[in-house]
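**Student:**
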Amino acid sequence: MSIYRTHILVPIDEGTVQAGVFEVKRTLEREIRERGLEGEVRVLETGTVGIVGKGVLLAVYPDRIYYSGMRPSDVALLVEEHLLKGRVPSSLKHAPLDLQDGAKVLHRTGLTLPQKRVVLDKAWKVAPDDMREVLASGGYAGLERIVADRMTPEAVIDEVKKSGLRGRGGAGFPTGLKWELTRNSPGGRKYIICNADEGEPGTFKDRLILEGDPHRIVEAMTIAGYAMGATKGYVYIRGEYALSIERMQKAIDQAREYGLLGPDVLEHGFAFDLEIKKGAGAYICGDETALLESLEGKRGNPRIKPPYPVAHGLWQEPTSVNNVETLANVPGIIARGAGWFRTMGTEKSSGTKVFTILGHVEHPGLVEVEMGTPLRELVFSYGGGVSGGRKFKAALLGGASGVFLPEGLLDVRMDFESLKENKAVLGSGAVLVMDEDASIVDMLFSILKFFAHESCGRCAPCRIGTRQLLNLAWKLRRGKGRETDLDTMLRLAELMCGTALCPLGQSVIMPVRSAIEYFRGEFEACVKKTTEEARV
Amino acid sequence: MESKQIHIPDNAEYRELKLFIEANSSTPGPLIQVLHRAQKIFGYLPMEVQHFVARELGVPHSQVYGVVTFYNFFRTEPIGDHIVNICLGTACHVKGASEILKALEKELGIRVGGTTKDRFYTLSTARCFGACGLAPVMMVDDEVYGRLNPQKTIQILKDLRTAQTVK
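Here the protein sequences come in this chain order: A and B.
Mind the numbering: the first sequence is residues 129 to 664 in my numbering, read in order.
Mind the numbering: the second sequence is residues 7 to 173 in my numbering, read in order.
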C-alpha cells in the first residue's frame with residue numbers, strides 16, 4: 129500500500145452525477161497522469177458530503193479545502209495551482225473543510241455548521257469499495273471487539289440496550305429489546321433484515337448511508353446476527369436505488385473474501401451470510417410485516433399483528449427488521465461502548481439523527497446532528513433559512529405520514545419525546561420547509577392522493593378511508609366544500625387511526641389533524657369562498 | 007384442452023428467463039426476483055410471460071398477476087424507447103412538479119401512463135426518487151434531471167429526441 133501526499137475526494141451522489149462528476153474525474157485523472165503525479169496524488173470516489181445543488185464537488189485532503197461547481201475546464205488550473213504550486217486558485221469557488229470528528233462543513237464563508245457525524249462518519253472520507261481503507265479507518269472494529277473481548281451474544285444485546293438506541297425508521301422501538309425478543313423466541317432459523325425500502329417522500333438518508341458506507345451495514349448485520357443467533361440476513365433495497373445495490377453487493381463480496389461473512393466469521397465459530405433482495409416499489413413495504421410478505425415473493429400486504437415478527441417473521445421464523453440508520457449506529461456502540469453513545473442526544477433519545485432538509489430552503493441537503501437539536505436550528509442554521517428571503521410558513525416533518533408544524537412550534541426539539549408532546553413524530557427525519565406562498569390545502573391534497581394510491585386495499589378503513597379523505601380534500605380545493613367537511617375529515621382520520629391494520633392507514637391522522645388544527649383558517653377560507661360564490 | 011395451451015416461442019429471451027428460473031427455483035420466494043429479470047429481458051410483463059413464469063415456478067397465474075399489479079415497478083403494457091418519470095413526492099410537489107407534468111402532457115400529447123405514437127417516450131410518475139435536494143426532478147431512463155421548470159423540461163426532452171435522431 130503506497131502513501132500519497134494528497135487525496136482528492138470526489139463525492140458521488142445524484143446531484144454531482146447530474147452535474148457531470150465523472151467527466152470532471154476523468155479529466156482530473158488524466159491531468160494528474162500527464163503531470164506525473166500519479167504516485168503522489170490519489171483520486172477516490174466517496175459517498176455524499178450532504179451538500180446538494182452546488183455542482184461537482186472536490187475535496188482536497190489534507191489541505192482541507194473543498195471546491196464546488198467544478199467543470200472539466202477548471203481542472204487544469206486546480207492541478208497547476210493547487211497540486212503543483214500549493215496555492216488555492218482564487219478564481220475557483222472553494223471553502224475550508226474539516227473532516228475530523230464533529231466535522232465542520234462551511235457551506236459559505238462565515239457560516240459554520242458543526243455536525244455530529246457518527247452514522248455518516250466514513251461516508252465521505254473513505255472509498256466505500258476499498259477494503260483496506262475501510263479497515264484502516266476503523267471499519268469492523270465493533271466485530272473485532274466481540275472477538276477480542278470474547279463478548280457473548282447476551283453481552284452484545286446488553287450493550288445495545290444500555291446505549292438506548294431506538295429505531296430510526298419512525299416508530300422508535302428500542303433496538304436492543306427487539307434483538308432480545310428475537311433471540312428468546314423459539315425457532316430453528318432466525319433472520320435479521322435490513323429495511324432499505326426507503327420510500328417516505330422527502331427522505332434519502334438510507335440511500336446515502338448505503339452508498340457511502342455499505343461495510344458499516346454489513347458489519348452491523350453480522351453483529352446483529354451474532355447477538356440474536358441468526359445465520360442469515362437480507363438487505364431489502366428499493367429497486368430504484370441502483371447504486372446502493374451495486375455498492376452493497378460489492379461490500380458483501382469483499383466481506384466474504386476477508387472472512388467477515390461466511391461459514392466461520394473471523395474464525396470464531398459462527399456462521400453468517402447476507403443476501404440482497406430488490407424491492408419493486410410499494411410504499412407499504414416500509415411496514416415490517418408487509419416487507420416480510422414481499423421478501424417471501426408475495427404481494428406486500430401487511431399481516432395482522434400480533435404475532436409480531438420477533439416471534440413469527442420471515443417464513444414464520446423469529447425475525448428482527450431494522451432500518452438502515454438504526455443498524456448504522458450499531459458498530460460504533462459495540463466498538464466504543466454504550467457510554468460513549470449516551471453522551472450524545474437526550475436522556476431518552478440518545479445518539480444522533482440524520483435529517484434531510486428540503487423544500488423552500490437556501491441550502492437543501494442532509495445533516496447529521498445530535499438528537500434534541502431544535503427545529504429552528506435545522507431550518508435556519510443548517511438549511512440556511514427560507515429561500516429568497518421569504519417568510520416561514522410550515523415544516524412538514526417525517527414525510528407523507530408526518531405532521532405540519534407552524535412557526536409557533538419552531539423551537540420544538542427534534543427527539544422522540546419532545547415531538548410526541550407536540551403530537552408530532554420524528555418519522556424518517558425529513559424536514560420539508562414551506563414558505564409563505566405555499567398552500568397547505570394543496571399540500572394535504574397531494575399527500576392524501578399519495579395515500580389513496582399506496583393503500584394496499586387489504587383492510588376497509590384504509591381502502592375506503594383514504595379515498596373518502598381524498599374526495600373531501602378535492603371538494604375543498606375546488607371550492608365545493610362545506611364547513612362540516614373539516615370535522616368529517618378529522619373524524620374519518622381518527623377512525624382510521626383506531627381501526628386500520630397497519631401504520632399506513634393509522635398515520636393518515638398525522639398530516640390531516642396537524643394541517644387542520646394549525647392552519648384551519650386556510651381551510652375555512654376555501655369554504656368561505658365557496659359560500660360567497662354560491663350567494664353570487 | 008389442447009387449444010388452451012399458450013404457445014411459448016422457443017427463443018433466446020425465453021431461454022434466458024428459463025435458465026434464471028432454474029438457477030433460482032431452489033431459493034425460497036423467488037417470484038419477485040424472477041419478475042425483475044423477466045421485465046429486464048422483455049421490457050414489460052405481458053400475459054404470455056406471466057403464464058410462463060407461473061408454469062415454470064409452479065404457482066397459480068393469479069398469484070403472479072397479483073404481484074405484478076401490486077408493485078409500481080412492474081408493467082403490463084409495452085413502453086416507448088425512453089421512460090420519462092416525473093417525481094410527485096412531497097418535496098417536488100412544493101417545487102411545482104404538477105405544473106411540469108401538465109406541460110409535458112400537453113407537449114407530448116399523452117396522459118400519464120401513455121406512450122407517444124412513435125413509441126419514443128412513455129410518460130410516467132413516481133413517488134420519491136430520493137433526489138429531493140434537486141427538486142423538482144424527473145428521470146429519463148436512468149438519468150436524473152433536477153431543478154426543473156416546464157420550459158427546461160420540454161427542452162431537455164426535445165434535445166434528447168434530436169440527439170437520438172442524429173445518431
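Each residue gets a CB set at the ideal place from its N, CA and C atoms; glycine is no exception.
Since A/Ser196 contacts A/Leu185 with CB under 8 Å, what's their CB separation in whole angstroms?
**Tutor:** Yes, they are in contact, since the Cβ atoms of A/Ser196 and A/Leu185 sit about 5 Å apart, within 8 Å.
**Student:** Let me know if A/Val655 comes out buried or exposed under the rule of 16 or more other beta-carbons within 10 Å of its beta-carbon.
**Tutor:** Looking at its Cβ environment, which holds 16 or more other Cβ atoms inside 10 Å, A/Val655 is buried.
**Student:** Cβ atoms of A/Arg335 and A/Pro459: under 8 Å apart, would you say?
**Tutor:** Contact: no.
**Student:** Buried or exposed: which applies to B/Val118, given that a residue is buried once 16 or more other Cβ atoms fall within 10 Å of its Cβ?
**Tutor:** The residue is exposed, with fewer than 16 neighbouring Cβ atoms inside 10 Å.
**Student:** If we ignore side chains and look at the alpha-carbon of each, how far apart do B/Phe76 and A/Gly407 end up?
**Tutor:** Distance between the alpha carbons of B/Phe76 and A/Gly407 is about 12 Å.
**Student:** Can you give me the start and stop residues for the beta strand (DSSP E) that B/Tyr127 sits inside?
**Tutor:** 127 to 132 is the extent of the beta strand (DSSP E) around B/Tyr127.
**Student:** Just to make sure I have the definition right: I need the residues of chain B whose C-beta is within less than 8 Å of the C-beta of A/Arg605. Which are they?
**Tutor:** In chain order: nothing, as chain B lies at least about 12 Å away.
**Student:** Tell me which residue opens and which closes the beta strand (DSSP E) that A/Lys481 is part of.
**Tutor:** Residues 480 to 487.
**Student:** Expressed to the nearest angstrom, what Euclidean distance is found between the alpha-carbon atoms of A/Ser478 and A/Val489?
**Tutor:** Roughly 28 Å separates the two Cα atoms.
**Student:** Would A/Leu455 and A/Ile485 be called neighbours here (beta carbons separated by less than 8 Å)?
**Tutor:** No; because the gap between Cβ atoms is not below 8 Å, this pair is not in contact.
**Student:** Taking A/Gly414 as the reference, which of A/Arg464, A/Val449, A/Arg470, A/Pro391 has the closest Cα?
**Tutor:** Per the Cα distances, A/Val449.
**Student:** What's the C-alpha gap between B/Val70 and B/Gln56?
**Tutor:** Whole-angstrom Cα-Cα distance: 6 Å.
**Student:** What does a CB cutoff of less than 8 Å around A/Arg504 pick up in its chain, not counting 5 residues either side in sequence?
**Tutor:** Same-chain partners within the cutoff: Leu538, Asp539.
**Student:** Work out the CA separation of B/Asp16 and A/Thr331 for me, nearest whole Å.
**Tutor:** If I take the Cα positions, the gap works out to 45 Å.
**Student:** Compile a chain-ordered list of the residues in the region 484 to 495 of chain A whose CB is closer than 8 Å to at least one CB of chain D.
**Tutor:** Protein chains A and B are contained in the structure displayed, whereas chain D is not.
**Student:** Could you say which of B/Gly95, B/Leu94, B/Cys98, B/Ser130 lies nearest to B/Glu111 if we only look at CA atoms?
**Tutor:** Closest option to B/Glu111, Cα to Cα, is B/Ser130.
**Student:** Counting pairs of beta carbons, one from the region 551 to 568 of chain A and one from the region 524 to 538 of chain A, are three or more of them closer than 8 Å?
**Tutor:** Yes, since at least three Cβ pairs between the region 551 to 568 of chain A and the region 524 to 538 of chain A fall closer than 8 Å, the two stretches touch.
**Student:** Quick one: list the residues of chain B neighbouring A/Asp562, beta-carbon separation under 7 Å, in chain order.
**Tutor:** Checking the displayed sequence, the identity of residue 562 of chain A turns out to be Met instead of Asp. Those are Val100, listed as they occur along chain B.
**Student:** Return the Cβ separation of B/Leu41 and B/Val65 in integer angstroms, given the expectation that the two are a contact with Cβ distance under 8 Å.
**Tutor:** At roughly 12 Å, the Cβ-Cβ gap does not stay under 8 Å, so B/Leu41 and B/Val65 are not in contact.
**Student:** How many whole angstroms separate the CB atoms of A/Arg215 and A/Glu208, which I take to be in contact at a CB cut-off of 8 Å?
**Tutor:** Rounded, the Cβ-Cβ distance is 10 Å, inconsistent with contact.
**Student:** Going by beta-carbon coordinates alone, are B/Glu83 and B/Tyr50 separated by less than 8 Å?
**Tutor:** Yes; because the gap between Cβ atoms is below 8 Å, this pair is in contact.
**Student:** CB-CB under 6 Å to A/Ile398, same chain, minus the five flanking residues each way: which ones, in chain order?
**Tutor:** Strictly speaking, residue 398 of chain A in this sequence is Phe, with Ile absent from that position. Counting only Cβ-Cβ distances below 6 Å, and skipping sequence neighbours, we find Tyr354.
**Student:** Restricting to Cα atoms, I'd like to know which of A/Asp570, A/Leu597, A/Met571 is closest to A/Ser583.
**Tutor:** It is A/Leu597 whose Cα lies nearest to the Cα of A/Ser583.
**Student:** Looking at C-alpha atoms only, which residue of A/Gly500, A/Met376, A/Met571 is the closest neighbour of A/Met542?
**Tutor:** It is A/Gly500.
**Student:** Which residues, in chain order, does the region 133 to 150 of chain A contribute to contact with chain B at a C-beta distance below 8 Å?
**Tutor:** Flagged, chain order: Glu142, Gly143, Val145, Gln146.
**Student:** Assign A/Ile599 to one of two classes, buried (16 or more other C-beta atoms within 10 Å of its C-beta) or exposed (fewer than that).
**Tutor:** Note that residue 599 of chain A is Asn in the sequence shown, not Ile. The residue in question, A/Asn599, is exposed, as its Cβ has fewer than 16 Cβ neighbours within 10 Å.
**Student:** I'd like to confirm something about A/Ser196: is its beta-carbon nearer than 7 Å to some heavy atom of the ligand GTP, or not?
**Tutor:** By its list of ligands, the structure shown contains no ligand whatsoever, and the ligand GTP lies outside what it can speak to.
**Student:** Run through the region 148 to 215 of chain A for me and flag every whole beta strand (DSSP E) of 3 or more residues, listed as ranges in chain order.
**Tutor:** Here the runs fully enclosed are 169 to 174, 186 to 189, 193 to 195.
**Student:** When the Cα atoms are used, what is the spatial distance from A/Leu629 to A/Glu421?
**Tutor:** Those two C-alpha atoms are separated by around 15 Å.
**Student:** For A/Lys250 and A/Glu453, I'd like the C-alpha separation in whole angstroms.
**Tutor:** Each residue's Cα considered, the two are about 14 Å apart.
**Student:** Just to check my reading of the structure: B/Thr128 and B/Ile85 have Cβ atoms closer than 8 Å, yes? What is that Cβ distance to the nearest angstrom?
**Tutor:** Confirmed, about 4 Å.
**Student:** Listing by chain order, which chain B residues have their CB less than 9 Å from the CB of A/Ile575?
**Tutor:** Residues of chain B passing the Cβ test: Thr96, His99.
**Student:** A/Pro329 CB to nearest chain B CB: under 8 Å?
**Tutor:** Chain B, which has a Cβ nearer than 8 Å to the Cβ of A/Pro329, makes this yes.
**Student:** If the cut is a Cβ gap below 9 Å, which residues of chain B does A/Glu173 touch?
**Tutor:** Going along chain B, no residue has its Cβ under 9 Å from A/Glu173, so there is no contact; the nearest lies around 18 Å.
**Student:** Using the rule of at least 16 other Cβ atoms within 10 Å of the residue's Cβ for burial, across every protein chain shown, is A/Asn312 buried or exposed?
**Tutor:** Classification for A/Asn312: exposed.
**Student:** Flag this pair as yes or no: are the beta carbons of A/Val203 and A/Leu137 separated by less than 8 Å?
**Tutor:** Taking 8 Å as the Cβ cut-off, A/Val203 and A/Leu137 do not qualify as a contacting pair.
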